[in-house]
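Here is the structure we will look at.
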Amino acid sequence: MARGSATRMVARHEIRQELERRILSGETKAGERLSQQSLARELGVAQGTVRESLLELQWLGLVESIDHLGVFVEKLDVNRICEAYMLREVLEGLAARLACQNAGRADIAELRAMADQILKLAENDDAETATVDRRFHLRIIEMARNSTLKRLSQTYRPLGMTVRAYREPSMIHAEHLRIVDAIEHNFPEEAERQARAHVVGAREMLEKLDQEGKFVPQWAK
C-alpha cells in the first residue's frame, strides 16, 4: 500500500471517530445537517476524507443522506438501540460458541481479570467501566476467530456507546463469569445461551426504563 493511501485511511478513521463521538455524546444533535465543506475546514482535511467518513457513519446508521438536501444526524432512541441489541444477542452468542474451541488458559485468565475489573470499576461508579466492558465482549469476538463476525459486530457497537449499565454490578459480574466458565469448559451451547441471556437482560432493562419514562441516552466512553 502506498504511503499516501495509508495516511488517508488513518485520517478517515480519525475523522469518523471524531464525528461518531460528537453524535453519540449529543454534542451534535439529531437532525443537524453536517456540511462536508465546513467539517473539512474545521478538521483540516480534504472534503473527500469527510465524505468517506460520512459514508461509513451512514452505514452504521448514525447519519442519513437525503437527496438534494445533504447529510443529517439520525435520531437515536430506545427502539434503534434495542434493534442493535437484538443483533448483538445473536452475534455475541455465536462468538461465545466459537470461542470455546479457541480459548486457551491465558485467554480465560484475561477474561476473568476483565470481569473482576468491571465489577470493581462499577462499584466505584467509574466512567471507565463501559470501556472495559466493551473490551471484554470484543475479546470474546476476537477469540471466535471469524473475520466476518468481527466486521458485523462493528455495526451495533457504536449504538451501545449511548448506554451506561443500568443493572446491579454484581449481577453483571455473575453473568460475565458464567460466560467465561462455559467457554473455559468448552460447552459451546451453554456459552451461547449465557452470552445471549446477558444481552437480553440488558435490552429488557432498557425497554423497562423506556416504558417508565426514565431512559436517557448517555455517552459511555
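Position in the sequence shown (from 1) plus 8 gives the number in my numbering. Built from N, CA and C at the ideal position, the CB exists for glycine as well. The structure displayed is predicted, hence computed values, not measured ones.
With 16 other Cβ atoms within 10 Å as the buried cut-off, status of Val-188: buried
Give the C-beta separation of Val-81 and Ser-73 to the nearest angstrom, bearing in mind that I take them to be a contact with Cβ-Cβ under 8 Å. Wrong, their Cβ atoms sit about 11 Å apart, outside the cutoff.
Buried or exposed for His-184, going by 16 or more other Cβ atoms inside 10 Å? buried
4 or more residues per run - each alpha helix (DSSP H) lying fully within the stretch 46–77: 55–67
Hey, how far is the Cα of Cys-90 from the Cα of Arg-142? 17 Å
Indicate the three-state DSSP secondary structure (helix, strand or coil) for Arg-11 in the structure shown. Note that Arg-11 has pLDDT 48, beneath the 50 cutoff, so the model's placement of it is unreliable and the number below is only indicative. Residue state, collapsed to three classes: helix.
Closest to His-76 by CA distance: which of Arg-41, Ile-116 and Glu-97 is it? Arg-41
Can you check whether the CB of Thr-163 is closer than 8 Å to the CB of Leu-68? yes
Tell me which residues share the same chain as Leu-167 and place their Cβ nearer than 6 Å to its Cβ, disregarding the 5 neighbours each side in the sequence. Ile-89 and Ala-92
Those runs of the beta strand (DSSP E) which lie wholly inside the stretch 198–223 and span at least 3 residues: Listed in chain order, the beta strand (DSSP E) runs fully inside the stretch 198–223 amount to none, counting runs of at least 3 residues.
Would you call the CB atoms of Gln-226 and Arg-147 closer than 8 Å? In this structure, Arg-147 does not lie closer than 8 Å to Gln-226 by Cβ.
Where Arg-20 sits in the DSSP three-state scheme: helix
Touching or not, the stretch 93–111 and the stretch 189–202, by the rule of three or more beta carbon pairs under 8 Å? In short, these stretches touch, since the Cβ pair count reaches three.
Using a 10 Å radius around the Cβ and a threshold of 16 neighbouring Cβ atoms, would you call Thr-39 buried or exposed? One detail in the question is off: residue 39 reads as Gly in this sequence, not Thr. Around the CB of Gly-39, fewer than 16 other CB atoms lie within 10 Å, so the residue is classed as exposed.
Between the Cα of Ala-19 and the Cα atoms of Ala-54, Glu-28 and Ala-210, which residue gives the shortest distance? Ala-54
I'd like the ranges of any beta strand (DSSP E) spanning at least 3 consecutive residues and lying wholly in the stretch 70–132. 71–74 and 78–81
How many Å lie between Ile-191 and Arg-120 at the Cα? Going by the C-alpha atoms only, they are around 11 Å apart.
Counting along the chain, where does the alpha helix (DSSP H) carrying Lys-158 start and finish? 155–161
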